[in-house]
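If you count the sequence shown from 1, you need to add 9 to reach this note's numbering.
Yeah, the Cβ is synthetic: ideal placement off N, Cα and C, and Gly gets one too.
Remember, it's a predicted structure, so these values are computed and weren't measured experimentally.
Since the structure comes first, as structure tokens, the remarks are kept for the end.
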Amino acid sequence: MEAARAKDTKERLAGVERLHEALDAAARRGLSPAEVTSLVDTCVDLTRDANFRVAQGGLQALSAAAVLAGDHFKIHLNALVPAAVERLGDGKQPVREAARQLLVTLMEVSSPTIILERAGNYAWTHKSWRVREEFVLTVATAVGLFASTELLMQRVLLSPVLQLMNDSNQSVREAAISCIEEMYKNMGSQFHEELQRHNLPTYMLKEINSRLNRIEPKVPASDGTATQHKVAASRSVSVNPKRGSPRTKSTPRESTLFGGNLIGEVQDSLAKEAEKDKQIASEEEEEEEYVLLELDDVHYSCIQPNAPYILSGLDTLTPTLVVGDSLKMIGEYEETVGPCYLFSESDAPPKPVHEEPAPPKENKDKQGRNIKEVKHVTSVHKMLKFRSTGEGRQEHRAYRYRDKEF
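This is the structure in structure tokens:
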């Protein structure tokens with residue numbers, strides 16, 4: 010755990026890997042209360058790391074530890090739940106998925122209703138639209154997994170989900186209606202009775218009905234057939250989503266659901282939600298992560314124009330770069346390097362950002378006038394340095410954006 014707290018990014022990444030190895034080794038014996046406390050303190054700090062792989066690794070370690078620790082983990086929920094909620098708004102999808110997985114895992118070891126109520130205190134009105142969107146998608150996942158054993162869960166969650174249908178962000182509104190569809194699938198005609206508890210405007214009822222009429226609920230009506238009927242406007246008082254809901258006693262069905270197959274079901278459900286996320290157009294541009302490639306001991310003459318290259322192992326500590334048939338280089342990550350010079354989509358002459366020097370003259374001449382500017386950025390998140398296996402080559406530095414080098 011000491012390595013996971015190191016200042017150097019490479020050391021922290023290596024520490025996260027060793028932490029996962031230690032958790033694998035502890036799978037048979039479990040974790041002591043002292044080990045759980047130390048691990049939670051370390052991993053909560055990792056979830057705030059600026060490097061998304063470190064943050065992702067910290068969240069995944071917490072999910073693995075929750076399964077091993079069981080009841081020992083429950084006393085740490087006050088720290089774990091808000092940490093997971095904050096990472097729902099991360100700019101990187103792998104981190105958001107890891108945060109959602111952690112919340113679902115906490116539902117397994119505790120109570121889904123309790124976890125969602127606690128998380129909702131932070132998430133429903135969070136200033137980040139991404140947090141609101143990801144949380145309501147997490148709620149939809151929880152409904153699909155736990156609705157049969159957590160009878161109060163959907164009643165508690167319905168009111169804030171309905172409120173998000175009026176959210177200022179389109180992605181959040183779409184996620185809310187998708188969650189309502191999932192609730193209807195699991196409750197059937199009973200869901201219409203729950204809707205009638207809320208004072209919903211006509212336009213909202215119309216939108217909900219139009220979506221629900223396309224769905225076949227899993228729960229049959231009392232006469233044995235699945236029914237779909239429209240909801241009338243009602244003036245009854247709304248259910249208060251903030252009231253506490255005690256956990257229902259465990260049943261044989263709950264014990265079976267919480268068995269070994271649940272992990273696979275959760276992973277499948279999250280994978281489907283992630284695929285759905287990709288189809289929803291984002292209204293806000295996510296922060297791009299730029300990588301500065303530094304090639305040491307390489308002449309331009311060593312790299313032929315349009316030469317094919319293979320860049321692999323970016324998720325490891327030693328990525329490789331193969332250019333053409335003969336040039337092979339081994340890379341390593343450096344610390345964050347700050348301001349970087351790139352190009353924007355215009356014909357204006359490129360300008361360095363802050364005090365960053367322009368690319369070498371040789372590099373500018375190589376790109377010529379035909380290449381438009383790509384983008385101005387204010388910082389580079391990583392530097393990846395490659396060294397060739399050959400001898401006697403001069404140094405060359407290249408700035409790279411996606412598949413273009415400048």
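Determine whether the beta carbon atoms of residue i and residue j lie at a separation below 9 Å.
i    : j    : result
V118 : A78  : yes
F61  : P103 : yes
K73  : V49  : In the sequence as displayed, the identity of residue 73 is Ala instead of Lys. Contact flag unset, no.
L115 : F155 : no
L204 : I224 : no
V152 : C188 : yes
L97  : T56  : no
E142 : N178 : yes
M196 : Q163 : yes
G333 : Y318 : yes
L167 : H207 : yes
State the Cα-Cα distance for the pair residue i and residue j, rounded to the nearest angstrom.
i    : j    : result
A36  : L68  : 17 Å
V181 : R105 : 15 Å
V145 : L336 : 49 Å
H201 : E126 : 22 Å
M213 : M192 : 16 Å
A34  : V25  : 14 Å
S41  : H29  : 16 Å
T122 : T158 : 10 Å
D176 : C52  : 32 Å
L330 : A23  : 21 Å
R21  : N222 : 51 Å
E382 : R139 : Confidence in E382 is poor, its pLDDT being 42 and thus under 50, which makes the residue's placement too unreliable to answer from.
P328 : G66  : 18 Å
A31  : T150 : 30 Å
H363 : N87  : Unreliable placement is indicated for H363, whose pLDDT of 41 sits below 50; the coordinate value is still reported in the next sentence. Roughly 42 Å between the two C-alpha positions.
R38  : D80  : 15 Å
S137 : L209 : 25 Å
K19  : E190 : 44 Å
Got a sec? Which residues, its chain only, sit under 6 Å from residue i by beta carbon, not counting five neighbours each side?
i    : result
W133 : P169
V94  : A128, Y131, A132
A108 : L68, A93, R96, L97
A64  : T56, D58, V104
L71  : C52, L111
D54  : none
L320 : L330
V76  : none
H135 : R141
A43  : none
Output needed for residue i: all residues of its chain with C-beta closer than 8 Å, excluding positions within five of it in sequence on either side, in chain order.
i    : result
I186 : M174, E216, I217, R220
H85  : V45, T46, V49
Identify, in the order they occur along the chain, each residue of the same chain with its Cβ nearer than 7 Å to the Cβ of residue i, setting aside the five sequence neighbours on each side.
i    : result
A184 : E142, V145, L146
K194 : I224, P226, K227
P124 : The question names Pro, but residue 124 is Ile in the sequence shown. Excluding residues within five positions, the ones whose Cβ falls inside 7 Å are V90, L112, L115, M116.
**Asked** Of all the alpha helix (DSSP H) runs that stay within the bounds of the stretch 170 to 220, which reach a length of 4 or more residues?
**Response** 179 to 196, 198 to 204
Could you give the uninterrupted runs of the alpha helix (DSSP H) lying entirely in the stretch 17 to 55, keeping only those of 4 residues or more? Listed in chain order, they are 18 to 34.
Ignoring anything shorter than 3 residues, give me the beta strand (DSSP E) runs that lie fully in the stretch 70 to 149, in order along the chain. none
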